[in-house]
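Since the structure comes first, as structure tokens, the remarks are kept for the end.
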Amino acid sequence: MSFGANIVPIVALCIPIVAIWTRHRTRIAEMHINAAARQNAELGGSSAAQMAQLEERVRVLERIVTDRNYDLAHQIEALRSDEGRLDDKSPRPANLTHNL
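Going by UniProt numbering, the letters in the sequence shown line up with residues 1 to 100, in that order.
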């Protein structure tokens with residue numbers, strides 16, 4: 001038997017095997033796509049609710065920051081003075097010539 005005569009039956013058997021395998025992989029890919037679509041649909045409602053909650057929180061923070069009674073500079077200075085008091089308690093090197 002020649003080489004070509006041996007290849008023909010092998011190729012003839014491989015074609016249906018590859019076709020079955022390809023169909024199987026296509027079905028698995030479709031199942032993954034459908035599962036992802038279902039999961040996205042389920043999360044779509046909850047993510048919209050989360051987005052609404054986050055937007056409301058941002059609105060509240062914007063109101064706090066833009067409120068005229070909100071004295072941000074005063075609070076920053078208070079934090080700086082607290083930090084200064086903490087620095088005064090820490091040991092400083094003797095050759096430090098500038099103020100912090």
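Yeah, the Cβ is synthetic: ideal placement off N, Cα and C, and Gly gets one too.
Note that the structure is a prediction, hence the values are computed from the model and not measured.
As assigned by DSSP and simplified to three states, the class of Asp82: helix
Val11 versus Ile20 - alpha carbon distance: 14 Å
His24 beta carbon near the ligand SAH (any heavy atom closer than 7 Å): Only the bare structure without any ligand can be found here, which leaves the ligand SAH out of the picture.
C-alpha distance - Gln50 paired with Gln39, whole-angstrom precision: 16 Å
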